[in-house]
DNA sequence: GAAATGACAGATAACAATAATTGTCATTCA
DNA sequence: TGAATGACAATTATTGTTATCTGTCATTTC
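Residue numbers (my numbering), protein chains in the order written: chain B, 103 to 297; chain Y, 103 to 297.
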């Protein structure tokens, strides 16, 4: 029995803690219940499955990333600058997580590999952010004419090496990585711009 | 005892056959020796290890891919056209192998994951082909000025979703994939071109 | 005597038996 | 009465055992 009533938020926090300590391979629902001082049945009252628990943890982190991305965008500058900031912010958030919180990042990687809706929703979010900026750029005449959906998808695809967790193993040497990301982003922005 | 003397080439062919039948997880050196009708010790006379055997199989396939790429390049056309042909030829070769020869492709994926020199040499080859075309394009004034090495690397990175075996799981829907590859290649070519 | 063999030690994989975890739900508690 | 529990069946992981494979090398074969 615990003093305060059990709520979803504290279960998510406990899950995060357990994942960080044991990693996605070893972390169990029983570990989470133990940390909270409740039975595992109580955890299942708030979450339908172990997978849902992990998705909630990752969704919370992705919410932060998306908030960061929205903030970094800054609607005052020109589309190329906005797109560059959006991309580099998303890259940096992923790189930092992979480096500083490897177990949670590994959890994220597993969810992506398992086609979790949380992850595809995040991709859809980033894609939509790119699309909006591209559409703005085309309207303002800075970017060449084209279908914003197709172009946004091309921008996302062209930069996958820097944001897709599938490539996290290559995110070791930060200086080199930054230079390579910069080269691709510049190439893509140049490709978008009207001449 | 077999009629003809045992040579490296037939060992590679037998290994290819065994890999195709059993897949990289199950294929053993003993299987190869059995298929050849020799003892596994004889195989080790020609190849130092199981890994070397698999590398030889993949190297033989990559040699074909590289020959295809060289042929498709065609030195008569303009750099943008040449680069497009080089890229689409390499993409198509990988897509076809993944689809039509999945066990050998899985072997390739394992080698890539294991940082095999055979695979990094192939990457170096493609990178150099791109670099040469980019350098030509800059010389001819079709491409904007820049460091050919950096630009070539950016082109390779920007197209990784279409040639890196890490992404093979996404190579299912061919029509969609071709359209996405086309969008990225066009964006990249537009990015390279001088204005 | 060059090529092939097969016995061998160490490493790896397959297997079966056992233990732990997941998810459900009738019961208990406050 | 609504939240929490823990017994339970089904699934999944772990362990210890056995079998197979890898790579070497002294011996054999032609």
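Built from N, CA and C at the ideal position, the CB exists for glycine as well.
Since the model is a prediction, treat every value here as computed from it, not as a measurement.
6 Å Cβ shell around residue i - same chain, five flanking residues per side excluded
| i | result |
| --- | --- |
| residue 152/Y | 131 |
| residue 201/B | none |
| residue 290/Y | 257 and 260 |
| residue 138/Y | 116 |
| residue 235/B | 181, 184 and 185 |
Presumed contact (8 Å Cβ cut-off) between residue i and residue j, rounded CB distance
| i | j | result |
| --- | --- | --- |
| residue 195/B | residue 187/B | 12 Å between Cβ atoms; not a contact. |
| residue 133/B | residue 114/B | Actually they are not in contact, since the Cβ atoms of residue 133/B and residue 114/B sit about 14 Å apart, beyond 8 Å. |
| residue 253/Y | residue 294/Y | 7 Å |
As assigned by DSSP and simplified to three states, the class of residue i
| i | result |
| --- | --- |
| residue 245/Y | strand |
| residue 103/Y | The predicted position of residue 103/Y is uncertain, since its pLDDT is 45 and thus under 50; a value taken from the coordinates is nonetheless stated next. Correct three-state label for residue 103/Y: coil. |
Sequence-distant residues of the same chain with beta carbon closer than 8 Å to residue i, five excluded per side
| i | result |
| --- | --- |
| residue 193/Y | 261, 264, 265 and 283 |
| residue 160/B | 206, 209, 210, 213, 218, 220 and 221 |
| residue 149/Y | 110, 113, 155 and 158 |
| residue 286/B | 260, 261, 263 and 264 |
| residue 162/Y | 114 and 118 |
| residue 298/Y | Given that chain Y is displayed from residue 103 to residue 297, the structure contains no residue 298/Y and the question cannot be resolved. |
| residue 122/Y | 203, 205 and 206 |
Where residue i meets chain B, residues with beta-carbon distance less than 7 Å
| i | result |
| --- | --- |
| residue 171/Y | None at all; the shortest Cβ gap to chain B is about 21 Å. |
| residue 121/Y | In chain order: nothing, as chain B lies at least about 25 Å away. |
| residue 262/Y | 262 and 263 |
| residue 259/Y | 263, 282 and 286 |
| residue 293/Y | 289, 290, 292 and 293 |
| residue 297/Y | 297 |
| residue 252/Y | 285 |
Pick from the options that is closest to residue i, judged by C-alpha positions
| i | options | result |
| --- | --- | --- |
| residue 185/Y | 237/Y, 141/Y and 198/Y | 237/Y |
| residue 198/Y | 276/Y, 141/Y, 114/Y and 256/Y | 276/Y |
| residue 270/Y | 294/Y, 231/Y, 235/Y and 212/Y | 212/Y |
| residue 230/Y | 274/Y, 108/Y and 168/Y | 168/Y |
| residue 107/Y | 140/Y, 227/Y and 273/Y | 140/Y |
| residue 135/Y | 176/Y, 179/Y, 126/Y and 145/Y | 145/Y |
| residue 303/B | 170/B, 142/B and 129/B | There is simply no residue 303/B to check, as chain B begins at 103 and stops at 297 in what is shown. |
| residue 268/B | 216/B, 251/B and 128/B | 216/B |
| residue 126/Y | 225/Y, 273/Y, 274/Y and 203/Y | 203/Y |
| residue 166/Y | 273/Y, 143/Y, 292/Y and 224/Y | 224/Y |
| residue 177/Y | 232/Y, 227/Y, 128/Y and 272/Y | 232/Y |
Same chain, Cβ closer than 7 Å to residue i, neighbours up to 5 away in sequence not counted
| i | result |
| --- | --- |
| residue 247/B | 240 |
| residue 296/B | 243, 244, 245 and 246 |
Closer than 7 Å: residue i CB and nearest the ligand NAD heavy atom
| i | result |
| --- | --- |
| residue 123/B | Absence of the ligand NAD is noted for the structure shown, with no ligands found whatsoever. |
Residues that residue i contacts on chain Y, provided the C-beta gap is smaller than 8 Å
| i | result |
| --- | --- |
| residue 265/B | Those within 8 Å of residue 265/B in chain Y number zero; the least Cβ separation is about 12 Å. |
| residue 256/B | 282, 285, 286, 288 and 289 |
| residue 268/B | 268 and 269 |
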